[in-house]
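Enquirer:
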Amino acid sequence: MAYQMHGSVNPSRGTSKEADTMMWQGGYGVIDSGVHSGATTGAHSVRNDDGDEDTALFFNMDSQEYTGFTPDQVDEMNSELMLTRSQRVRAAMYPETLDEGMEIPSTQFDPSQPTAVQRLAEPSQMLKHAVVNLINYQDDADLATRAIPELIKLLNDEDQVVVSQAAMMVHQLSKKEASRHAILNSPHMVAALVKAISSSNDLETTKGAVGTLHNLSHHRQGLLAIFKSGGIPALVKLLSSPVEAVLFYAITTLHNLLLHQEGSKMAVRLAGGLQKMVSLLQRNNVKFLAIVTDCLQILAYGNQESKLIILASQGPIELVRIMRSYDYEKLLWTTSRVLKVLSVCSSNKPAIVEAGGMQALAHHLGHPSQRLVLNCLWSLRNLSDAATKVDGLEPLLGSLVTLLSSEDGNIVTCAAGILSNLTCNNQRNKVVVCQLNGIEALVRTVRAAGEREEITEPAICALRHLTSRHPESEMAQNATRLCFGIPVVVKLMQPPSRWPLIKAVIGLIRNLALCPANHTPIREQGAIARLVHLLMRAYQDSQRRTSVSSGGSSAIYPDGVRMEEIVEGTVGALHILAREAHNRAQIRGMNVISIFVQVLQFSYITNLKTFNALLLEYFASWLQIKRGPT
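Its first residue numbered 1, the sequence shown is counted upward by one per residue in the UniProt record's numbering.
#1: Quick one, which of N284, E305, L299, V344 has its alpha-carbon nearest E318's?
#2: According to DSSP, simplified to helix, strand and coil, what is E407?
#3: Would you call the CB atoms of C376 and E440 closer than 8 angstroms?
#4: Is V341 close to chain C? Criterion is C-beta to C-beta, closer than 8 angstroms.
#5: Can you tell me the Cα-Cα spacing of H575 and L512, whole angstroms?
#6: Tell me which same chain residues have a C-beta within less than 6 angstroms of the C-beta of G273, skipping the five on either side of it?
#7: At which residues does the alpha helix (DSSP H) containing K330 begin and terminate?
#8: Could you give the distance in angstroms between the alpha-carbon of L213 and the alpha-carbon of I455?
#9: Could you tell me which of V390, G417, P500 sits nearest to residue 640, measuring between CA atoms?
#10: Go to N348, then tell me how far its alpha helix (DSSP H) extends in each direction, as first and last residue.
#11: Just to confirm the assignment, what range does the alpha helix (DSSP H) spanning M189 have?
#12: Mind checking whether L374 and M358 have CB atoms under 8 angstroms apart?
#13: Following the continuous alpha helix (DSSP H) through V433, name the residue where it begins and the one where it ends.
#14: From R545, P487, G507, pick the residue whose C-alpha is nearest to that of T520; which is it?
#15: For S336, count the other beta carbons within 10 Å of its own beta carbon; 16 or more makes it buried, fewer makes it exposed. Which is it?
#16: Exposed or buried, which one is A355 when buried takes at least 16 other CB atoms within 10 Å?
#17: Have a look at V567, S229, V532, T546 and flag the residue whose alpha-carbon is nearest the alpha-carbon of N583.
#18: State the Cα-Cα distance for the pair S468 and S325, rounded to the nearest angstrom.
#19: Start and end of the alpha helix (DSSP H) containing K265?
#20: What does the alpha-carbon distance come out to for the pair L534 and V489?
#21: Three-state secondary structure (DSSP) at R545?
#22: Can you find the residues in the same chain that come closer than 7 angstroms, C-beta to C-beta, to N425, ignoring five residues on each side of it along the sequence?
#23: Per DSSP, what kind of secondary structure is R444 in: helix, strand or coil?
#24: Please report the distance separating the alpha-carbon of T252 from that of N156.
#25: What does a CB cutoff of less than 7 angstroms around A300 pick up in its chain, not counting 5 residues either side in sequence?
#26: Cutting at 7 angstroms between CB atoms, please list the residues of its own chain near K503, excluding the five before and the five after it.
#27: Look at A192 and I152 and say whether their C-beta atoms are less than 8 angstroms apart.
#28: How is G392 classed by DSSP in three states: helix, strand or coil?
#29: In angstroms, rounded to a whole number, what distance separates the CA positions of M536 and I509?
#30: Among the candidates E472, V443, L463, whose CA atom is the shortest distance from the CA of G485?
#31: Of the choices Q435, L436, E457, whose alpha-carbon is the least far from that of T445?
#32: Looking at H219: is its Cβ nearer than 8 angstroms to the Cβ of L184?
#33: Output the boundary residues of the alpha helix (DSSP H) element that contains H255.
#34: Buried or exposed for G51, please, with buried defined as at least 16 other CB atoms from any protein chain shown within 10 angstroms of its CB.
#35: If you reduce the DSSP assignment to three classes, tell me which class E305 lands in.
#36: Going by beta carbon distance, what residues of the same chain come within less than 8 angstroms of D62, once the five residues before and after it are set aside?
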């Protein structure tokens, strides 16, 4: 057997119960396995294959020598262990039944290794605790059920001391699950608690009552009971309390109601909750502020009236201050969500920008929290069209150029959109982006985006802005060619590109054509033929819509783009390209002169007559015009 390796075998000796017992004790340090090797049984686990015993020198465990015992000592130990077996079992399974001061001899040798009895005692203890908990649960439920009618009377008592004691008692009951469910099943109790909050000026009464409502609000049944009992106006009133505990209970209960109880949003608005919550933004407890800002986001989302109330309460200023002042991720995230909701409101947008919202949001674009970065980007994108005149955005522009390399499509979409807006009619921003290698980054972005127009359209618009009307525009035009951007851009003039993207590409081609070095690659990529095709199609569509609108029907523009804009854009691009001789020859060969002449008859397009006049100058020697020689 496995235990033989611990001792030497002496086959000359016979079997004895004492030796067996001593062998067991020596090997296990008097560990009781639950089936003791006593006088009536042999310890089979310590025998060798021949049935012989070990010598009187027993085990050598961990290099510690254990001396032998006399037969009398062994008998004495056996007797003691036999007599205390039931006590050991009882001590392990039901220790509370032992007399105080009673000492039970231990059979445990290694403290890290429990005995068999101790291992068996674990499920017994678990069962005992389960039974005790079940009994206590039922006792709590029965006690609460019997006490609730009396407590309701006490809560409605005229003596405020009695009301205070009752409120504290109900609060204690609500902390236990069984009694809490009993309270949930009593609408009269919830109504009494709401009444106590509304009518009492006693701090302990208020704290106990609102603490109970807070505990009830973790259950749907409790939320419904609070709502039906008119609890929301009472809770909103408590948002003016100077006591931290009362404020915490009130705001968390309202938060639970807003999240899970239908009708709560309107009730909070009607009770003046928005104004109270905005005023709470001046506090400095970050976890408390995170709950308040989440409540504001829930109330403002999809509700213009709430957004205007937040604006009137100076909410944008406080929200921007929070974004500048704290680093608690959850608070920054919830605050950025409120700003994202407000940033689509035309009234809130300039207020946020004026309060420094662009800089405050930009500060967190390098944060490791992906959800925070995304919310800041969405907010910045919504605000950026109102921030074209804002100075000091160089750090933001640098972050945006870097984020164009992100693998997250949402981040790239936002970064491209913000760059497009911030480079519109802002020479300073254009120069900064060009100096940050923004042209190369945008071309890479367009190439990687493929047919994802939510990325390509704003990126092309940004390139269009960067290639005109600023000191670095010529450099930008050359940079687009040098990073192989012209083939990528020209390809987007073909299906499946939609009209908004095509319009942006036409404008970019026109700007690129301002650089003479770009004429040949533009022509070689087939851009001239594509421009002529778009011109013909757009002109025909505009004529058709003109006929429809003259008949009394309203014109419908594809994707919101007027075909007259496409006509103007293509003529403008062809006008610039026609400065080069090879381009002029290609345009002549496409038989588009008649369309140019027809377009001259219409005056609904800005600068179109100027473009056509210039084109006609290039082709004057070729055109056959009835007005005769000059």
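Glycine residues also receive a C-beta, built at the ideal position from the N, C-alpha and C atoms.
Small disclaimer: the values here were computed from a predicted structure and weren't measured.
Expert: So, to answer that:
#1: N284
#2: coil
#3: no
#4: In the displayed structure, chain C is absent; only one protein chain is listed.
#5: 13 angstroms
#6: V236
#7: 329 to 342
#8: 49 angstroms
#9: An answer regarding residue 640 cannot be provided, because it is not within the stretch 1 to 630 covered by the chain.
#10: 348 to 354
#11: 187 to 199
#12: no
#13: 427 to 435
#14: P487
#15: buried
#16: buried
#17: V532
#18: 39 angstroms
#19: 264 to 270
#20: 15 angstroms
#21: helix
#22: T388
#23: helix
#24: 26 angstroms
#25: S306, K307, I310, V338, V341, L342
#26: V561, E565, I566, G569
#27: yes
#28: coil
#29: 18 angstroms
#30: V443
#31: E457
#32: yes
#33: 244 to 260
#34: Confidence at G51 is low in this model, with a pLDDT of 43, below 50, so the placement of that residue should be treated as unreliable; the coordinate-derived value is given next. Exposed, since its Cβ has fewer than 16 Cβ neighbours within 10 Å.
#35: helix
#36: Confidence in D62 is poor, its pLDDT being 42 and thus under 50, which makes the residue's placement unreliable; the coordinate value appears in the next sentence. The answer is none, since no qualifying residue turns up.
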